[in-house]
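When you line the sequence shown up against the numbering used here, it's residues 13 to 241, in that order.
Here is the structure we will look at, set down as structure tokens.
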Amino acid sequence: MTAEAARHQDQAARRRSGARVAQQDGQVGVGSAGEEIAPAGATGESAEDALLRLYAAGDSAAARQLTDRLAPLAYRVAHRMLGDTAEAEDIAQEAMLRLWRAAPGWQPGGARISTWLYRVATNLATDRLRRRRPGTLDDAPEVADGRPGAVAALIEADRAKALNAALLLLPERQRQAVVLRHLEGLANPEIAEIMEVGVEAVESLTARGRRALQAALSGRRAELGYEES
């Protein structure tokens with residue numbers, strides 16, 4: 013079999029199976045209909061932009077990939093802001109629904125899809141914070157008996173619960189900035205875009221929120237295993 017024949021056979025197999033090769037840096041992706049996706053950056057279109065374009069054209073495989081990539085992001089940031097699993101799941105679902113509705117008119121080259129989704133999720137979480145009555149945090153997850161590192165996992169769960177409780181004491185804008193910077197690991201310029209403020213405002217909100225967290229946790233630092241500073 014010639015190399016050309018082998019290539020055509022491989023492309024045909026991909027079409028039959030509906031397979032998709034996820035687009036990574038410098039790689040060519042293949043849609044469920046065998047359509048090639050240009051490498052990220054080659055056309056100004058990111059991998060997520062390409063998947064959203066394919067979704068808008070009716071590609072269900074693209075929807076699954078975007079959901080796998082982005083729904084956990086929306087859930088995670090919502091849970092960190094609200095401390096409630098059910099509400100975070102609702103927000104993740106609503107954020108993805110808004111993305112699907114935005115898909116037909118999405119213009120590549122503007123905001124990153126992940127940045128857009130962070131903004132939607134944090135805004136939805138902020139709306140819920142303003143409406144909710146004071147409640148309780150989720151219980152810390154149980155750790156299976158006999159699992160290696162069970163004690164360490166319990167300690168980490170207790171630390172996470174204490175941090176969540178302290179986060180819930182922060183003003184909403186400080187909480188949003190701290191979550192995005194220190195828990196999601198985003199850079200200040202992206203946080204500024206998400207929060208629709210200047211970088212200096214992000215730096216100020218983050219610094220004030222961090223100081224408030226340190227004060228809230230000061231009485232439990234040794235108990236939770238945090239180093240004194």
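Each residue gets a CB set at the ideal place from its N, CA and C atoms; glycine is no exception.
The alpha helix (DSSP H) enclosing residue i, as first and last residue numbers
i      : result
GLN226 : 211-229
PRO201 : 200-207
GLN186 : 184-190
SER72  : 72-94
LEU141 : 125-143
ALA115 : Segment: none, ALA115 is in no alpha helix (DSSP H) and carries neither H nor E.
ARG65  : 59-68
Contact check, residue i vs residue j, beta carbons under 8 Å
i      : j      : result
THR134 : MET108 : no
LEU64  : ALA115 : yes
TYR87  : GLU99  : no
ILE203 : ALA189 : yes
GLY95  : ASN200 : no
LEU179 : ARG187 : yes
Nearest candidate by alpha-carbon position, reference residue i, set the options
i      : options                          : result
GLN226 : ALA174, ALA100, ASN200 and ASP71 : ALA174
LEU182 : ASP71, TRP128, SER72 and LEU229  : LEU229
SER58  : LEU180, LEU78, VAL214 and ASN176 : LEU78
ARG140 : ALA69, PRO201, HIS91 and GLY197  : HIS91
ALA75  : ALA137, GLY95 and TRP112         : TRP112
PRO120 : ALA137, THR138 and ALA62         : ALA62
GLU184 : LEU217, GLY197 and VAL209        : LEU217
LEU89  : HIS194, VAL211, GLU215 and GLU60 : According to the sequence as given, residue 89 is Val; it is not Leu. That would be HIS194, whose Cα lies nearest to the Cα of VAL89.
ALA137 : GLY117, TYR67 and THR97          : THR97
Residue i CB to nearest heavy atom of the ligand ZN below 7 Å
i      : result
ALA107 : Of ligands this structure carries none, so the ligand ZN is not represented either.
*With contact counted as at least three CB pairs below 8 Å, one residue from each stretch, are the stretch 94-108 and the stretch 78-85 in contact?*
yes
*Take every Cβ of the stretch 214-226, pair it with every Cβ of the stretch 122-138, and state whether three or more of those distances are shorter than 8 Å.*
no
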